[in-house]
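Numbering (the numbering used here), first residue to last: 2 to 155.
Glycine included, every Cβ here is placed at the ideal spot set by N, Cα and C.
To start, the structure itself, in C-alpha cells.
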Amino acid sequence: MAGVVLAEAEVRADLDLSPRLTLRLPEGAVRTWSPADPHLYGLSVQILDAAGVVVDEVRSYAGLRSVSIDGNRLLLNGLPVFQRPVLDQGYWPQSLMTAPSDRALAHDIELGIAAGFNGAPAHCSIIRTCLAIATRSSPMRSRSRTASIPSIAP
2 MAGVVLAEAE VRADLDLSPR LTLRLPEGAV RTWSPADPHL YGLSVQILDA AGVVVDEVRS
62 YAGLRSVSID GNRLLLNGLP VFQRPVLDQG YWPQSLMTAP SDRALAHDIE LGIAAGFNGA
122 PAHCSIIRTC LAIATRSSPM RSRSRTASIP SIAP
C-alpha cells in the first residue's frame, strides 16, 4: 500500500559513532522481493535536532530478500533459483553504448525478461539508474564495471 506507514523506530545518533536501528514490520506486512514479485518498500530516514526539528532527510527504497549458496545451488529467500542470464552489452543506434533514456534501458530489460532470461551481468555507465530500473523490473542483475566505461559508485 503506497503511503501507508508500516513501521517506525528511533535511535539516538549522538551517543555512538555508528548507531544501529532495528525496524520490525508487522507479520502480515512482510513481503519478500523476488523476480516474480519485485516488491520494494519506501523508506524515509530523518535526522532531528534536540528540539525535534528535521535537519536532514533521505528517501529511498529497499527490498527484503535473502541470498545464499547451498552446495552448487543459489537460493533466493530459501528457494533454489536457476540462473538463466543473458550478456547485455547494450547498444542504441542514437547513443551507442549508453541508453538514451531510462525508458530505453527499462525496455532493454523487459526484452530480456520476455525472451525468458532472469538475469544479466550489465555494463552500466550510470550504475544507480541501472540498478533502480533493474530492481523494479525484477530480473536478477549483477553489475560490473570496466575501465573503459565510467561509473558512479553506488
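Every beta strand (DSSP E) stretch that sits fully inside the stretch 72 to 126 and reaches 3 residues is listed by chain position as 74 to 77, 80 to 82 and 120 to 124. Within the stretch 7 to 55, no complete alpha helix (DSSP H) segment of 4 residues or longer occurs.
Within the DSSP secondary-structure output, Arg60 pairs in a beta bridge with Ser45. Counting only residues of its own chain and dropping the five nearest sequence neighbours on each side, Tyr42 has a CB closer than 6 Å to the CB of Ala63. In the structure shown, Ser69 adopts extended strand secondary structure according to DSSP, grouped into three states. Non-local beta-carbon contacts of Phe118 in its own chain, meaning distances under 8 Å to residues more than five positions away in sequence, involve Arg85, Pro86, Val87 and Pro140 in chain order.
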